[in-house]
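Residue numbers (the working numbering): 408 to 838.
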């Protein structure tokens, strides 16, 4: 009798243990939170919602401060993001060289991703020394946006597919307006300001480095002529806003706020990602055209590589998130929201990209793809880092835009400073 009682008690204890266990959430089902550092583009909300619906056990927190310096500081301090962007090929190379990024080559093979489906211009921003360290989700080339209403009111013909920069200048003169009572600009013909207008050098037959990458030749006559033209748009012809003008008539604020969206300029150079901004202004009637050019067509490729730091505390979950960025569902979000051009050509050439029923007036999306034929990645040299080159570029062009030195002097100074660094690196590497 005592033995039966003992067995009965043991069974009760086991049953209670099972019931308690059923009430607990298995460890494998606990929600993991990963941190995604990125810009605050309007498409981010839809992208996260789609991922979290597919992976309910993973929560994505957004961190909108994604500067290179901050990423390096966090990684060095032991608090790395789980997924973060690198906004240029130069930055990608720097991080890959420093052995900061997770090598995902084997995962790519396991996932069955066809690397040939990527635009070939993107590959240098994903592959370093034969290994894959990240994915470009969206990117694109620069095109010409123009305000149709302003053109119509001024009686100016729309830009054609074969416009030269001289054609753009003549149109800009007719589209620029001043307040007759104050003499101040109330409308500019073109907003030509762009931080890194290297494509104008290529269009005019110039380059930044020689073919061997051993010398900076940015101060060539072709490059000086091209930069002088863009400088004159502001200071000779007064058809493009200076930094002072920009402050005086600043348009809408917020993500990618600009003079074009605010109806203060008739033409602007930018990429497809600006659709996310321009679509907010329901009164803005715009269209696109290929970039005007000097001697030959050329535009620059703008890319953004998503990578995972090796020191991430959630590698498994970060890999799922990175893989999801290339799912057709997410690539279609890029297509629909206007967040650049999908990195997979199969999606970029799909009807979902070429025509969005929510925006029936956007009928020329094919031009974004046409311009990719002329899109080039930034020139690089192993004898100078992209960081050093850009630091010198910005320091010297800043003096030019406030009229402390001419375009010719600016390019001479850049070439002198860049070549000084390149000579030292060349000698160091030759030892």
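For each residue, glycine too, the CB sits at the ideal point set by N, CA and C.
### Task
Take residue 458 as the anchor and find which of 682, 728 and 488 has the nearest alpha-carbon.
Nearest Cα to residue 458 within the set 682, 728 and 488: 728.
### Task
Could you check how far apart the C-beta atoms of residue 633 and residue 701 are, in whole angstroms? I think they sit under 8 Å.
The beta carbons of residue 633 and residue 701 sit about 6 Å from each other, so the pair counts as a contact at 8 Å.
### Message
Distance check for residue 624 and residue 527, CA to CA, integer angstroms please.
### Response
The alpha-carbon separation between residue 527 and residue 624 amounts to approximately 26 Å.
### Task
Please name the residue or residues paired with residue 695 in a DSSP beta bridge.
Bridge partners of residue 695: 552.
### Task
Whole angstroms is fine: what's the gap from residue 576's alpha carbon to residue 774's?
Per the coordinates, the alpha-carbon of residue 576 lies some 22 Å from the alpha-carbon of residue 774.
### Query
For residue 510, which of 767, 715, 812 and 742 has the nearest alpha-carbon?
Residue 715 holds the alpha-carbon nearest to the alpha-carbon of residue 510 among 767, 715, 812 and 742.
### Query
Taking Cβ positions, are residue 454 and residue 740 nearer each other than 9 Å?
A distance below 9 Å separates the beta carbons of residue 454 and residue 740.
### Query
Residues bridged to residue 716 by DSSP?
Beta-bridge pairing links residue 716 to 508.
### Message
Within 10 Å of its beta-carbon, does residue 762 have 16 or more other beta-carbons around it, so buried, or fewer, so exposed?
### Response
Looking at its Cβ environment, which holds fewer than 16 other Cβ atoms inside 10 Å, residue 762 is exposed.
### Task
Compute the distance between the beta-carbons of residue 497 and residue 827, then report whether it is under 9 Å.
For residue 497 and residue 827, no; Cβs fall outside 9 Å.
### Task
Could you name the residues of the same chain whose beta carbon sits closer than 6 Å to that of residue 578, not counting the 5 residues immediately before and after it, in chain order?
Excluding sequence neighbours, residue 578 sits near 563.
#### Entry: Inter-residue CB distance, residue 608 and residue 630 (contact presumed, cutoff 8 Å)
Indeed they touch by this definition, with Cβ atoms about 4 Å apart.
### Message
If the criterion is Cβ atoms closer than 9 Å, does the pair residue 787 and residue 616 meet it?
### Response
Yes, the Cβ-Cβ distance between residue 787 and residue 616 is below 9 Å.
### Message
At the level of alpha carbons, what is the spacing between residue 571 and residue 755?
### Response
If you take the alpha carbons of residue 571 and residue 755, they lie about 27 Å apart.
#### Entry: residue 544, DSSP secondary structure in three states
Per DSSP, reduced to three states, the secondary structure at residue 544 is strand.
### Message
Per the DSSP calculation, residue 782 is bridged to which residue(s)?
### Response
Paired residues: 706.
### residue 478 (DSSP reduced to helix, strand or coil)
DSSP places residue 478 in the helix class (H, G or I) of the three-state scheme.
### Task
Look up residue 470 in the DSSP assignment and give the residues it is bridged to.
Note: residue 470 sits in a beta bridge opposite 444.
### Message
Just to confirm before moving on: does the CB-CB distance between residue 546 and residue 750 stay below 9 Å?
### Response
Residue 546 places its beta carbon less than 9 Å from that of residue 750.
### Message
Between 794, 440 and 807, which has its C-alpha nearest residue 467's C-alpha?
### Response
Ranking 794, 440 and 807 by Cα distance to residue 467 puts 440 first.
### Query
In whole angstroms, what separates the C-alpha of residue 833 from that of residue 794?
Take the alpha-carbon of residue 833 and the one of residue 794: they are about 17 Å apart.
### Query
Within this structure, are the beta carbons of residue 711 and residue 487 separated by less than 9 Å?
The answer is no: Cβ separation not under 9 Å.
### Supposed contact pair residue 707 and residue 783 - C-beta distance, whole angstroms, cut 8 Å
That pair is a contact at about 6 Å.
### Query
Who are residue 674's beta bridge partners in DSSP?
According to DSSP, which records beta bridges pairwise, residue 674 is partnered with 553.
#### Entry: Residue interval of the alpha helix (DSSP H) (run including residue 814)
Note, residue 814: alpha helix (DSSP H), 814-837.
### Message
So the candidates are 667, 600 and 502; which of them puts its Cα closest to the Cα of residue 480?
### Response
The shortest Cα separation from residue 480 among 667, 600 and 502 belongs to 502.
### Cross-strand partners of residue 465 (DSSP beta bridge)
Residue pairing from DSSP places residue 465 in a beta bridge opposite 439.
### Task
For chain D, find out if any of its Cβ atoms is closer than 9 Å to the Cβ of residue 542; answer yes or no.
No chain D appears in this structure, which consists of one protein chain only.
#### Entry: Inter-residue spacing [alpha-carbon to alpha-carbon] between residue 514 and residue 520
Looking at the two C-alpha atoms, the distance is approximately 9 Å.
### Query
Alpha carbon to alpha carbon, how far is residue 825 from residue 554?
One C-alpha to the other measures close to 39 Å.
### Task
Name the two residues that bound the continuous beta strand (DSSP E) containing residue 492.
Residue 492 -> beta strand (DSSP E) spans 491-493.
### Query
What residue from 522, 538 and 543 has the CA that sits closest to residue 532's CA?
Taking only the C-alpha atoms, the option nearest residue 532 is 543.
### Query
Given a threshold of 16 other Cβ atoms within 10 Å of its Cβ, counted over all protein chains shown, does residue 789 qualify as buried or as exposed?
Exposed, because fewer than 16 other Cβ atoms sit within 10 Å of the Cβ of residue 789.
### Query
Do residue 682 and residue 769 have their CB atoms nearer than 9 Å?
Yes, Cβ-Cβ distance for residue 682 and residue 769 is below 9 Å.
### Task
State the CB to CB distance for the pair residue 388 and residue 482, rounded to an integer number of angstroms; the pair is presumed to be in contact (CB under 8 Å).
In the structure as shown, the chain starts at 408 and stops at 838, and residue 388 therefore has no counterpart that could be examined.
### Query
Expressed to the nearest angstrom, what Euclidean distance is found between the alpha-carbon atoms of residue 684 and residue 565?
Distance between the alpha carbons of residue 684 and residue 565: 22 Å.
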